[in-house]
Ligand code: NDP
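Residue numbers (this note's numbering): 282 to 706.
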């Protein structure tokens, strides 16, 4: 996925390496991924929900547009921008930037989730037709895609006013198509409003569980009560989103915030891909109800709990270790030294495989698909896509770590030979 790029332009922050297939990827991905989102939504509501069907399940034009969609979407983003600015929760500092400074971030995403939940309950009390979100999925997705393009253009243009040290190391190749896609500026802000941090965990992620809830309401409208499968999908995914927002501070040390620029790849992922493809299981269940036995349901709950346990414990262990290696919960773990002064864990969760958090995440992804039965491939889209994403992400992270830690990373790989799945991968 990585190819050699161009030479530097003398601004000192150029990187010659390109990811995601270089220029070709940067041209193809912004065309094909939005079309994929729209295609998957159409498939999820077509009668046979087959990924391979001919003719394609194309919607009529009047299903593509609804004037309510831009109003709802812009209102939703504005609501979350407002909640972001409220003085709830603590303020945290990000990692040290190349100019030696640290940015401040409000840790109030969980508050935003709770307020969104309370507003939804209010709407329910006033009998708002939340199930109508099912009919609005395509127009909403089209608006989210349009907003992603507009925001990415804005970010690309504004990045030319940013000082060189504020540019992402990999996002300043000088090739406009690639830089637009991968993101030139690392932490674009309007005043103290951080656009990347805002988009990472708020409108799209919380929007995802709201769409799920809308699908459940549509099911209630159609069949009188929510199915066990729909309840499980809604609950598992709500747990995932609530966990991400409860542990919001941890996002400050992720690759997305620390390393990647804010360009089309992240903007589209946050605002369009996550809410409209991660909610496909719930959308699928509206038109394709599945009978799930209590035993089947219980087994899937156990699988989700195991996945969540591995995911949460491993992420917390590393976060704790990075924040305070002397903390009693991590002080006794075996580590190896690196030339940077930082140490790497080689026991505990991070001694099992090199990415135990990905393993837990993938087990949960499977548990989200299983309630949808085995008759269709569509509900398994997420787990298939996510496996590819995490394998690619693991390879990217591995390259970064090898560059950062050199020989110490090789030692870690020898001590912990498997990447994600013990004894297999
Ligand atoms: P990780 O949390 O896996 O972090 C990787 C970093 O951890 C490395 O760069 C390194 O950074 C540090 N590290 C690696 N090995 C060790 C070790 N042995 N000891 C100490 N530190 C180590 O990165 P991600 O951002 O990829 O994932 C975070 C979570 O988000 C995961 O659970 C993932 O599954 C999830 N995720 C979910 C997505 C979704 O769409 N649902 C998308 C992407 C991620 P350093 O040494 O510099 O600290």
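Backbone N, C-alpha and C fix where the C-beta goes; we use that ideal spot for every residue, glycine too.
Worksheet item: Are the region 676–695 and the region 641–652 touching by the rule of at least three beta carbon pairs closer than 8 Å?
Response: no
Worksheet item: By a C-beta neighbour count over all protein chains shown, 10 Å radius and 16 as the cutoff for buried, is residue 477 buried or exposed?
Response: buried
Discussion item. Using 8 Å as the threshold, is the C-beta distance between residue 464 and residue 536 below it?
Written reply: no
Fill in: Residue of 655, 653, 565, 690 minimising C-alpha distance to residue 623
690
Practice prompt. Tell me whether the beta-carbon of residue 628 lies closer than 8 Å to the beta-carbon of residue 615.
Written response: yes
Discussion item. I need the boundaries of the beta strand (DSSP E) containing residue 617, first residue and last residue.
Written reply: 616–618
Worksheet item: Hey, would you say the C-beta of residue 638 is under 7 Å away from at least one heavy atom of the ligand NDP?
Response: yes
Worksheet item: Below 8 Å between beta carbons: does that hold for residue 299 and residue 459?
Response: yes
Worksheet item: Going straight from the alpha carbon of residue 443 to that of residue 307, what length do you get?
Response: 22 Å
Fill in: Buried/exposed call for residue 529, threshold 16 Cβ in 10 Å
buried
Discussion item. Helix, strand or coil for residue 470? Go by DSSP, reduced to three states.
Written reply: strand
Discussion item. If you measure between the beta carbons of residue 555 and residue 489, is that distance less than 8 Å?
Written reply: yes
Worksheet item: Just checking, does the region 399–413 make contact with the region 487–503 on the three C-beta pairs under 8 Å criterion?
Response: yes
Discussion item. Just to confirm the assignment, what range does the beta strand (DSSP E) spanning residue 625 have?
Written reply: 624–626
Worksheet item: What separation, rounded to the nearest whole angstrom, lies between the Cα atoms of residue 687 and residue 304?
Response: 29 Å
Item to complete: Check each candidate in 655, 365, 455 and name the one with the smallest Cα separation from residue 397.
Response: 365
Fill in: Rounded Cβ spacing between residue 605 and residue 563 (contact assumed at less than 8 Å)
No, residue 605 and residue 563 are not in contact; Cβ-Cβ is about 39 Å, not under 8 Å.
Worksheet item: Can you name the residues that DSSP bridges to residue 448?
Response: 466
Worksheet item: Any idea if residue 374 is buried or exposed, counting beta-carbon neighbours within 10 angstroms, 16 or more meaning buried?
Response: exposed
Worksheet item: The beta strand (DSSP E) spanning residue 371 covers which residue range?
Response: 371–374
Fill in: Inter-residue Cα distance where the pair is residue 540 and residue 407
45 Å
Practice prompt. Would you give the residue range spanned by the alpha helix (DSSP H) that residue 693 belongs to?
Written response: 688–696
Fill in: Bridge-paired residues (DSSP) for residue 475
470
Worksheet entry | Closer than 7 Å: residue 668 CB and nearest the ligand NDP heavy atom | no
Discussion item. Can you look up residue 435 in the DSSP assignment and give me helix, strand or coil?
Written reply: helix
Fill in: Distance between residue 521 and residue 335 (C-alpha atoms, nearest Å)
35 Å
Worksheet entry | Which listed residue (660, 674, 694, 705) has its alpha carbon closest to that of residue 325 | 660
Fill in: Cβ neighbours of residue 561 in the same chain (closer than 8 Å, five flanking residues each side left out)
321, 322, 325, 659, 660, 662, 663
Discussion item. Quick check on the DSSP output: what are the complete beta strand (DSSP E) runs of length 3 or more inside the region 326–394, in order along the chain?
Written reply: 371–374, 385–388
Item to complete: Take the Cβ of residue 342 as the centre, count every other Cβ of all protein chains shown within 10 Å, and call the residue buried at 16 or more, exposed below.
Response: exposed
Item to complete: Pick helix, strand or coil for residue 299, following the three-state DSSP scheme.
Response: strand
Worksheet item: Is the distance from the Cβ of residue 553 to the Cβ of residue 422 below 8 Å?
Response: yes
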